[in-house]
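Going by the numbering used here, the sequence shown opens with residue 3, and the numbers climb by one from there.
We put the CB at the ideal spot given by N, CA and C, even for glycine.
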Amino acid sequence: MKLSEDEIERRLAELPGWQREEQFIRKRFGFASFPEAVAFVNRVAEIAERRNHHPFISIDYKYVTLRFTTWHAGGLTSEDFDEAKEIEGLYTSREAT
C-alpha cells in the first residue's frame, strides 16, 4: 500500500543520507575502490532477490546510487523503506569492520 506524505517524511527521517526524489527515495554510497563498490552491489542484489524488490542501481567508479519505488503501488511503500534500512545496515556494518 502506498504511504501517505506524512509517513514518507517520518520514514525518510529514519534513514540518514537518503533523499526523496519524486516517487523515489535515493542515496549515493561511497567506497574506497571500484571492486569494493561492485561487491556492495552484489550484496544489494542478494537482498533484493530475497525480498523480491529490486532497486535501480547506478555504479559510478567508487560510488553506488540506489533508488527505490514500488511501481505496482504507484509510489513509495513500506517495502522501499524496509529494504533501504536493511541496505543501510549492510553499509554501516561494512564501515565498522
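Pair within 8 Å by beta-carbon distance, residue i and residue j
{"i": "Met1", "j": "Thr71", "result": "For the chain, the structure presents residues 3 to 99; residue 1 sits outside this window and is missing."}
{"i": "Ser59", "j": "Val40", "result": "For the record, residue 59 in the displayed sequence is Ile; it is not Ser. Their beta carbons are not under 8 Å apart, which means Ile59 does not touch Val40 by this criterion."}
{"i": "Ala86", "j": "Ile10", "result": "no"}
Exposed unless 16 or more other CB atoms sit within 10 angstroms - verdict on residue i
{"i": "Trp20", "result": "buried"}
{"i": "Pro37", "result": "exposed"}
{"i": "Asp82", "result": "buried"}
{"i": "Pro57", "result": "buried"}
Residue i: first and last residue of the uninterrupted beta strand (DSSP E) it sits in
{"i": "Phe70", "result": "65 to 70"}
{"i": "Phe58", "result": "58 to 62"}
{"i": "Gln25", "result": "It is not in any beta strand (DSSP E) - Gln25 carries neither H nor E in the DSSP assignment."}
Contact test: residue i Cβ vs the ligand ZN heavy atom, cutoff 7 Å
{"i": "Ile59", "result": "Only the bare structure without any ligand can be found here, which leaves the ligand ZN out of the picture."}
Unbroken alpha helix (DSSP H) run spanning residue i, endpoints
{"i": "Phe42", "result": "36 to 53"}
{"i": "Glu9", "result": "7 to 15"}
Between the CA atoms of residue j and residue i - distance to the nearest angstrom
{"i": "Arg69", "j": "Ile49", "result": "14 Å"}
{"i": "Phe42", "j": "Tyr93", "result": "8 Å"}
{"i": "Val66", "j": "Gly32", "result": "7 Å"}
{"i": "Leu14", "j": "Arg22", "result": "8 Å"}
{"i": "Gly76", "j": "Ser6", "result": "12 Å"}
{"i": "Trp73", "j": "His55", "result": "10 Å"}
{"i": "Glu88", "j": "Arg12", "result": "17 Å"}
{"i": "Ile61", "j": "Asp8", "result": "31 Å"}
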